[in-house]
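S.K.: Please see the structure below; I have some questions.
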Amino acid sequence: MQYDLIVVGGSFAGLSAAIQVARARRNILVIDAGQPRNRFAEHSHGFLGQDGRAPGAILDDARRQLLAYPTAKVLAGLADKAAAAGSGFEITTDRGQTFGAARLVLATGVRDILPDVPGLAEHWGKSVLHCPYCHGYEVAGGPLGVLATGPTAVHQAQLIADWGDVTLFANGTFEPDAEQMLALEKRDVRFEPAGVAELEEDGSGGLIVRLEDGRRTGARALFTAPPNTMSCPLAEQLGCTFTDGFLGPVITVDDRQQTSVQGVYAAGDAARSMHNIAFAVSSGAFAGICAHQSLVFD
Numbered sequence: 120m121q122y123d124l125i126v127v128g129g130s131f132a133g134l135s136a137a138i139q140v141a142r143a144r145r146n147i148l149v150i151d152a153g154q155p156r157n158r159f160a161e162h163s164h165g166f167l168g169q170d171g172r173a174p175g176a177i178l179d180d181a182r183r184q185l186l187a188y189p190t191a192k193v194l195a196g197l198a199d200k201a202a203a204a205g206s207g208f209e210i211t212t213d214r215g216q217t218f219g220a221a222r223l224v225l226a227t228g229v230r231d232i233l234p235d236v237p238g239l240a241e242h243w244g245k246s247v248l249h250c251p252y253c254h255g256y257e258v259a260g261g262p263l264g265v266l267a268t269g270p271t272a273v274h275q276a277q278l279i280a281d282w283g284d285v286t287l288f289a290n291g292t293f294e295p296d297a298e299q300m301l302a303l304e305k306r307d308v309r310f311e312p313a314g315v316a317e318l319e320e321d322g323s324g325g326l327i328v329r330l331e332d333g334r335r336t337g338a339r340a341l342f343t344a345p346p347n348t349m350s351c352p353l354a355e356q357l358g359c360t361f362t363d364g365f366l367g368p369v370i371t372v373d374d375r376q377q378t379s380v381q382g383v384y385a386a387g388d389a390a391r392s393m394h395n396i397a398f399a400v401s402s403g404a405f406a407g408i409c410a411h412q413s414l415v416f417d
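Read the sequence shown against our numbering and you will find it ends at 417, with the numbers running on by one and no gaps.
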């Protein structure tokens, strides 16, 4: 079947894009691999009207609401190939299924490249966190850590000091200069140059940070800003251009969420440097609206 729109990625940005076009009574297909970036988090915070709910529960409701529209379809699968085809595009899944569409929305997300610290991956999304606006309130009021992935951790530590007493663990990634040390001191941030050997549970939901010199210190949570990369190769296969973001490549989009390839739109974490659910939903909605309007006017 030829669709008006295929959305690749069925998380917050993708479903938000899809429902706009479904409401315009166009035939749409969402292809979703079922691996949302925030699947490690038990609760979502800061998303208006949904504060404290499990991210998966929000997505389940959104998917059900989308499928109430008769022209919408969701396919569980991994889209691993994309190419131009005639006046539109073709998407092929890892099962060999091929689908055509006049327009695409790439809501494919990004993959975090976590620091190589024993115990960190097991606590990611629980007591090792990325976004203070999403999770800071729940761990506030006590000792917090920031695990550096580079000099920008100084800025992260200054910010997170609003939520607790912060120690910045450099972990051998950088040496702060005098100006950076002064900035940390102004925010009462303690600087720890030693490497981090391991993260362990403290028995109450927090962490024990074991340093390479044998010292141990506790933290209610540890924040870090890992670099990230595209979670799938579709944008590159289509010839979309990229911009260097804060932590990794970002699909370049114009003021209507269109990529450098006409007819291909992008939304969510893959298409912006700052990430949270509200941003993803907003950019997805706009990408869907603009994709629909291009079907009418282009």
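By construction, the Cβ of each residue, glycine as well, lies at the ideal position given by its N, Cα and C atoms.
Please name the residue in C250, I370 and S246 whose C-alpha comes closest to that of V328.
M.R.: That would be S246, whose Cα lies nearest to the Cα of V328.
S.K.: Report yes or no: do the region 281-296 and the region 366-380 share at least 3 C-beta pairs separated by less than 8 Å?
M.R.: Contact fails: fewer than three Cβ-Cβ distances are below 8 Å.
S.K.: Looking only at its own chain, which residues have a Cβ that is under 8 Å from the Cβ of G207, when we skip the five neighbours before and after it?
M.R.: Cβ within range, chain order: Q121, G219, A220, A221, R222 and G382.
S.K.: Looking only at its chain, what residues have a beta carbon closer than 7 Å to the beta carbon of A181, apart from the 5 residues adjacent to it on each side?
M.R.: Correct list, in chain order: L134.
S.K.: Alpha helix (DSSP H) containing K305: first to last residue?
M.R.: K305 -> alpha helix (DSSP H) spans A297 to K305.
S.K.: Below 6 Å CB to CB, which residues in the same chain sit around V308 once its five sequence neighbours on both sides are set aside?
M.R.: These residues qualify, in order along the chain: A276, A280, V285 and L287.
S.K.: Quick one: Cα of L178 to Cα of A297, how far?
M.R.: Approximately 46 Å between the Cα atoms of the pair.
S.K.: Look up N290 in the DSSP assignment and say whether it is helix, strand or coil.
M.R.: Note: N290 maps to coil in three-state DSSP.
S.K.: Roughly how many whole angstroms lie between the Cα atoms of G196 and G129?
M.R.: C-alpha separation (whole angstroms): 10 Å.
S.K.: Could I get the ranges of all uninterrupted beta strand (DSSP E) runs contained in the region 361-399, with 3 residues as the minimum, in chain order?
M.R.: Qualifying beta strand (DSSP E) stretches, in chain order: 361-363, 368-370 and 383-385.
S.K.: Which residues does DSSP list as the beta-bridge partners of N347?
M.R.: According to DSSP, N347 bridges with D231.
S.K.: Check R142 in the structure and name its three-state DSSP category.
M.R.: Here R142 sits in coil by DSSP.
S.K.: At what residues does the beta strand (DSSP E) containing D179 begin and finish?
M.R.: Taken as a continuous stretch (DSSP letters only), D179 belongs to no beta strand (DSSP E), being part of the alpha helix (DSSP H) at P174 to L186.
S.K.: Helix or strand or just coil, what does DSSP make of Q216?
M.R.: In the structure shown, Q216 sits in coil (DSSP, three-state: anything other than H, G, I, E or B).
S.K.: Grab me the residues of N146's own chain with a C-beta within less than 6 Å of its C-beta, minus the 5 sequence neighbours each way, in chain order.
M.R.: For N146, where only same-chain residues beyond five positions count, the Cβ hits under 6 Å are Y122, D123 and T190.
S.K.: Excluding sequence positions up to five away, which residues of its chain have a Cβ less than 6 Å from the Cβ of D213?
M.R.: Excluding positions up to five away in sequence, the list reads L197 and D199.
S.K.: Here's a check: name, in chain order, each residue in its chain whose Cβ is nearer than 7 Å to the Cβ of P312, leaving out the five neighbours to either side.
M.R.: Counting only Cβ-Cβ distances below 7 Å, and skipping sequence neighbours, we find A289.
S.K.: Give the secondary structure of V247 by DSSP, where H, G and I count as helix, E and B as strand, and everything else as coil.
M.R.: Three-state result, V247: strand.
S.K.: Report back the beta-carbon spacing between T362 and S379 to the nearest angstrom; my notes put them in contact at under 8 Å.
M.R.: The Cβ separation is near 10 Å, so there is no contact.
S.K.: Comparing C-alpha positions only, which one of C250, S350 and R339 sits nearest to A397?
M.R.: Checking every option, the nearest Cα to that of A397 belongs to C250.
S.K.: Using the rule of at least 16 other Cβ atoms within 10 Å of the residue's Cβ for burial, across every protein chain shown, is L384 buried or exposed?
M.R.: Rather than Leu, the amino acid found at residue 384 in this sequence is Tyr. Y384 is buried by the Cβ-count criterion.
S.K.: Looking only at C-alpha atoms, which of I138, R158 and R335 sits nearest to V229?
M.R.: When only C-alpha atoms are compared, the closest one is R158.
S.K.: Going by DSSP, what residue range makes up the beta strand (DSSP E) through V273?
M.R.: It is not in any beta strand (DSSP E) - V273 instead sits in the alpha helix (DSSP H) that spans A272 to I279.
S.K.: Per DSSP, A226 forms a beta bridge with which residues?
M.R.: Its beta-bridge partners do not exist; DSSP assigns none.
S.K.: If you reduce the DSSP assignment to three classes, tell me which class F416 lands in.
M.R.: The answer is helix: DSSP assigns F416 an H, G or I state.
S.K.: In whole angstroms, give me the CA-to-CA distance for N395 and G387.
M.R.: Approximately 9 Å, taken between the alpha carbons.
S.K.: Can you tell me the Cα-Cα spacing of V415 and K192, whole angstroms?
M.R.: Between V415 and K192, the C-alpha separation is close to 21 Å.
S.K.: For F342, write down the residues that DSSP places opposite it in a beta bridge.
M.R.: DSSP, once it has assigned bridges, lists L248 and V265 as partnering F342.
S.K.: Does F159 come out as helix, strand or coil in the three-state DSSP assignment?
M.R.: The answer is helix: DSSP assigns F159 an H, G or I state.
S.K.: Using 8 Å for Cβ pairs, my map puts S163 next to R156. What's the rounded Cβ distance?
M.R.: About 12 Å separates the two Cβ atoms, so there is no contact after all.
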